[in-house]
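Using this note's numbering, the first residue of the sequence shown is number 38, and each one after it goes up by one.
All C-beta atoms in this analysis are idealised placements derived from N, C-alpha and C, irrespective of residue type, glycine included.
Owing to the predicted nature of the structure, the values given are computational and were not obtained by experimental measurement.
The structure appears right after this line, and notes come after that.
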Amino acid sequence: MFQVTGVSGQQVARARIQDLSKPVVKSLKQYLANICGASRFRQRVLRHGSILEDGDGLVEHDSAEAVELQHVVLPFCRTSLADVRELMNAIHRRDVPKVEQILQRPQDPNQNEPERSDHDTESILEDEDPECEYEEHAFELLTFLGAACRTGDSDIVRLLIEAGANVDRSFGNEDAPQTPLGIACTLGHIEIVCLLLEAGAYTALRIDGQSLLVVAAEHGHCQVASLLVKAGVLPRELLERMALVRHCPELEHLLPLSYPEP
Numbered sequence: 038m039f040q041v042t043g044v045s046g047q048q049v050a051r052a053r054i055q056d057l058s059k060p061v062v063k064s065l066k067q068y069l070a071n072i073c074g075a076s077r078f079r080q081r082v083l084r085h086g087s088i089l090e091d092g093d094g095l096v097e098h099d100s101a102e103a104v105e106l107q108h109v110v111l112p113f114c115r116t117s118l119a120d121v122r123e124l125m126n127a128i129h130r131r132d133v134p135k136v137e138q139i140l141q142r143p144q145d146p147n148q149n150e151p152e153r154s155d156h157d158t159e160s161i162l163e164d165e166d167p168e169c170e171y172e173e174h175a176f177e178l179l180t181f182l183g184a185a186c187r188t189g190d191s192d193i194v195r196l197l198i199e200a201g202a203n204v205d206r207s208f209g210n211e212d213a214p215q216t217p218l219g220i221a222c223t224l225g226h227i228e229i230v231c232l233l234l235e236a237g238a239y240t241a242l243r244i245d246g247q248s249l250l251v252v253a254a255e256h257g258h259c260q261v262a263s264l265l266v267k268a269g270v271l272p273r274e275l276l277e278r279m280a281l282v283r284h285c286p287e288l289e290h291l292l293p294l295s296y297p298e299p
């Protein structure tokens, strides 16, 4: 038995080896994530004041005495422009160990632009042209999760989701926003589509007026379309059903046969 206590000395959890997927610190952190609400990347587990590494093994006492461990949840570190670029470059290179290392800082997987200090904000306001008019949110920067979906690296997508990346955060022009699931459906990344659906990604998004189902089918990704149908994503009308069946005949037996009149 492991008794895990927080900084204040209050018990966080009691866990047994059989509660964990593997007898290592990483699995304990994943178990504790469901209790404390913080991903394993923000957690530190200590024994006798020393930080345990994720790969360190956990061994229970032969006696009934619990093994005492200390637990700390860290805030995200401040994100600089160099930090943003480093993580984005690691994603583009599909460098899984580097992404893991960066998330362990812990770096916020949703902070895709450098954080500004109050002084930075004041400087920007002072330099701003009062005659300049612009729509502040007309364009949103590519997210780390969106970039990972573009590369098609499911291991990095899994890491970012585990770190708490927002699976529904859109980016691009507000007139034609993109989401991680939209990209994965368009490019036919089946495993990534599965990961995003398991994480509860929003499925009712329409791209250029078309559903994700039709987008996947028109790009020839019938397995992706089938996954969406099995996840409960269905065509809204008969014409959409016809378009799906034309591109992916194997979907016909999965789709409703009739639709209400418009």
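Three-state secondary structure (DSSP) of residue i
| i | result |
| --- | --- |
| Val230 | helix |
| Thr37 | The question about residue 37 has no answer here: the residues shown for the chain are numbered 38 through 299. |
| Phe113 | coil |
| Gln260 | helix |
| Gly92 | coil |
| Glu105 | strand |
| Gln247 | strand |
| Val49 | strand |
| Glu287 | helix |
| Glu97 | coil |
| Glu255 | helix |
| Glu150 | coil |
For residue i, the first and last residue of its enclosing alpha helix (DSSP H)
| i | result |
| --- | --- |
| Ala75 | Ala75 -> no alpha helix (DSSP H), and no H or E assigned at all. |
| His127 | The question names His, but residue 127 in the sequence shown is Ala. Leu118 to His129 is the span of the alpha helix (DSSP H), which, as asked, contains Ala127. |
| Pro217 | Pro217 to Leu224 |
| Asp214 | Looking at the sequence provided, one finds Pro at residue 214 rather than Asp. Careful: Pro214 lies outside any alpha helix (DSSP H) and carries neither H nor E. |
| Lys59 | Unbroken run through Lys59: none, as it is neither H nor E. |
| Gln138 | Val133 to Leu140 |
Range covered by the beta strand (DSSP E) that runs through residue i
| i | result |
| --- | --- |
| Leu83 | Gln80 to Arg84 |
| Arg278 | Element bounds for Arg278: not the beta strand (DSSP E) but the alpha helix (DSSP H), Leu275 to His284. |
Beta-carbon proximity list for residue i, same chain, < 6 Å, skipping 5 on both sides
| i | result |
| --- | --- |
| Lys135 | Ala127 |
| Ala103 | Met38 and Gln40 |
| Asp245 | none |
| Ala268 | Leu234 |
Exposure label - residue i; buried when at least 16 CB within 10 Å
| i | result |
| --- | --- |
| Leu276 | exposed |
| Gln80 | buried |
| Ser248 | buried |
| Arg187 | buried |
| Cys114 | exposed |
| His226 | buried |
| Val96 | exposed |
| Val44 | exposed |
| Pro143 | buried |
| Lys59 | exposed |
Same chain only: Cβ atoms within 8 Å of residue i, ignoring 5 sequence neighbours per side
| i | result |
| --- | --- |
| Ala184 | Met125, Ile128 and His129 |
| Glu278 | Note that residue 278 is Arg in the sequence shown, not Glu. Within the same chain, Arg278 has close Cβ partners Pro272, Leu292, Pro293 and Tyr296. |
| Leu288 | Ala254, Cys259, Ala262, Ser263, Val266, Leu281 and Val282 |
| Leu196 | Val133, Val136, Glu137 and Leu140 |
| Leu83 | Leu89, Leu106, Gln107, His108 and Val109 |
| Gln55 | none |
Chain-order list of residues whose beta-carbon lies under 7 Å from that of residue i (same chain, five-residue window excluded)
| i | result |
| --- | --- |
| Gln215 | Gly183, Ser207, Phe208 and Gly209 |
| Val110 | Cys73, Ala75, Arg79 and Gln80 |
| Ala202 | Pro146, Asn147, Phe181 and Leu182 |
| Val9 | There is simply no residue 9 to check, as the chain begins at 38 and stops at 299 in what is shown. |
Alpha helix (DSSP H) segments (min. 4 residues) lying fully within the region 179-211: 181-188 and 191-199
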